[in-house]
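Please read the structure below before turning to the comments.
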Amino acid sequence: MTTQAWSGLNTRLFDGLVLVALFLAVWQGLYEYAGDSALTSPLTTLDYASSLMKTANFWTHAQATLVAFAYALVISIVLGIVLGLVLGVQRFSGDVAEPILVALYTIPKITLYPLILLIFGLGVSAKVAFGVIHGVIPIILFTLNAVKNINPVLIRTSRVMRLSPWQTASTVLTPAVMPELITGVRVGFSLTMLGVLIGEMFASQRGLGFLIINGINLHNVRITTAVILIVVVFAILANGLLLAFDKRMHRG
Amino acid sequence: MTRNAAISLTRVAVIVGSVLLVEILCQRKIISPLVMIPPSEMATSLWRLFKTQKIWDDIAQTFSTVALAFVLSVTVGFALGAIIHALPRVRRAVDPLLASYYSIPFFVFYPLLIALFGLNTIPLIVIGFVFATAAMVISTLTGLDRVPRVMTKTARILRLSPTRAVWSVTLPSAAPYLFTGLKLALAYSFIGVIAGEFILSGGGLGFSIAYAYNDFDSQTMYALMMFVLVIAVVMNGALHLWEQRMLKKRARA
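So the protein lines, in turn, are chains A and B.
So the first sequence is residues 2 to 253, counted in my numbering.
So the second sequence is residues 9 to 261, counted in my numbering.
Here it is as structure tokens:
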């Protein structure tokens, strides 16, 4: 690496550190302002979070969340990509459906929670369903637009080569839309997680969302702040990984 | 019939058809009345609610909160976007933050906000604001990035004062992106406020839905759910139409 690249990296590292320091300062400031009854200081939280992560109880809750999240994510991705591909290829249905999907995306889905609960009952399936209704629409929309904006030459070529619909989908359409798909999955990933966590906050006896809301009900500020920190750090790390992958796909 | 008319007609048919399907399924008890009441019953129940004072209080409270969160997020988001755009180094530092902003499940902060500000409308405004601001910042940055170089150069050649250049060159060329920001900020502040009310609050539409749910009052619950849904769709549709008209005008100019 050249010296110039090194100094560039150094400034970026420095700027990043300044940002983190600023964030911690704001947190500490809020703590000074609100006191122990509202949230714990950054240092105490880190300390408590690390001891929390050594308990078996925390991991049963984390596992409950991760299992529900995994189911919801797989369903969102498969359903989203299939529907997106179909609506993208069928121009007319795509044009009919897109504004409806956008409108569905903007409704506060949390109000549908009672309905989901009445259909699926208390438990994992309600959490999964709640994750899916949050995550699936952006994946459909990204896939749909990716297919719509495919270079027409590719599609004409596949027709000239007399590929079957399945061959067209697997060898032409999928590789062409891959970069956009990854972006859709990244957005869907975050929203699915949001959905699952909100689901746990209302009607569940297990999971990290439950730990947060339970901490509030019991006035256990330490556990709420610590779990929130863990969830946020996980979300940012996962998104960072997907973002790096996303950027590479778009470049290549 | 033009293609666009056919598309719009089919869309209306699809929506009406699905409502009718739900209606029939509910009437025939294929969907149990314990799970869902027929849409026609939701509508009559909503009509009855409109005659009570309570719903108007809820509507007033929810919409004033949304309005405050929206105005705040748009102003602050635009200002922040403009400042960050002017300072490349700051921008490089906050770029990863903006890219991963919406991966943070913000509603987990809501209980914390209540502990900080108390059980009133401030946590609701804050959650709506926090949720919506980043969308406005990102749209402002994109908009300012997409101002054509020719335009800024022309402004310089014409020796426009900085304020005039911003007013008659920068803002109009960034307008479509700013409009997207407005649209997203409105949707996000609406989602944030309703979700907050639903989780924990003492009033508003979201609270009333949660309350009716806990009370097994499915008439009120479904009526209010339908109301929120219709409002969101109408709001979105109106903005979409406005945007289309704006874009058409620009295309002609």
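C-beta: ideal position from N, C-alpha, C; glycine also.
Short-range partners of chain B found in the stretch 95-128 of chain A, where Cβ spacing is below 9 angstroms: 96, 97, 98, 100, 101, 103, 104, 105, 106, 107, 108, 109, 110, 111, 112, 113, 114, 115, 116, 118, 119 and 120
Neighbour flag for residue 77 of chain A against chain B, beta carbons, 9 angstroms: no
C-alpha gap between residue 61 of chain A and residue 231 of chain A, whole angstroms: 15 angstroms
Local conformation of residue 59 of chain B per DSSP, three classes: coil
Min CB distance residue 93 of chain A to chain B below 9 angstroms: yes
The alpha helix (DSSP H) enclosing residue 46 of chain A, as first and last residue numbers: 43-53
Secondary structure of residue 268 of chain B, DSSP reduced to three states: Here chain B has residues from 9 to 261 only, and residue 268 of chain B is not among them.
Which of helix, strand or coil DSSP assigns to residue 240 of chain B: helix
Contact check, residue 208 of chain A vs residue 128 of chain A, beta carbons under 9 angstroms: yes
Nearest to residue 126 of chain B (by Cα), restricted to the options A:135, A:38 and A:237: A:38
Between the CA atoms of residue 187 of chain A and residue 173 of chain B - distance to the nearest angstrom: 38 angstroms
Length of the line joining the Cα atoms of residue 154 of chain B and residue 193 of chain A: 31 angstroms
Cβ pair residue 77 of chain B, residue 143 of chain B closer than 9 angstroms: no
Contact belief for residue 212 of chain B with residue 73 of chain B at Cβ below 8 angstroms, rounded distance in angstroms: 7 angstroms
For residue 115 of chain B and residue 195 of chain A, believed in contact at Cβ under 8 angstroms, the rounded distance: 7 angstroms
Test item: CB-CB of residue 214 of chain B and residue 111 of chain A under 9 angstroms: yes
Pairwise C-alpha distance: residue 100 of chain B and residue 10 of chain A: 12 angstroms
Contacts of residue 148 of chain A in chain B (Cβ-Cβ under 7 angstroms): Those within 7 angstroms of residue 148 of chain A in chain B number zero; the least Cβ separation is about 17 angstroms.
Rounded C-alpha distance that separates residue 109 of chain B from residue 138 of chain B: 10 angstroms
Cβ-Cβ distance between residue 16 of chain A and residue 98 of chain B below 9 angstroms: yes
Chain B contact for residue 252 of chain A (CB, 9 angstroms cutoff): no
Secondary structure of residue 220 of chain A, DSSP reduced to three states: coil
Within chain A, partners of residue 56 of chain B - CB distance below 8 angstroms: Those do not exist, as residue 56 of chain B stays about 19 angstroms from chain A at its closest Cβ, beyond 8 angstroms.
Contact check, residue 69 of chain A vs residue 125 of chain A, beta carbons under 9 angstroms: yes
Listed by chain order, chain A residues near residue 97 of chain B by CB distance under 9 angstroms: 12 and 16
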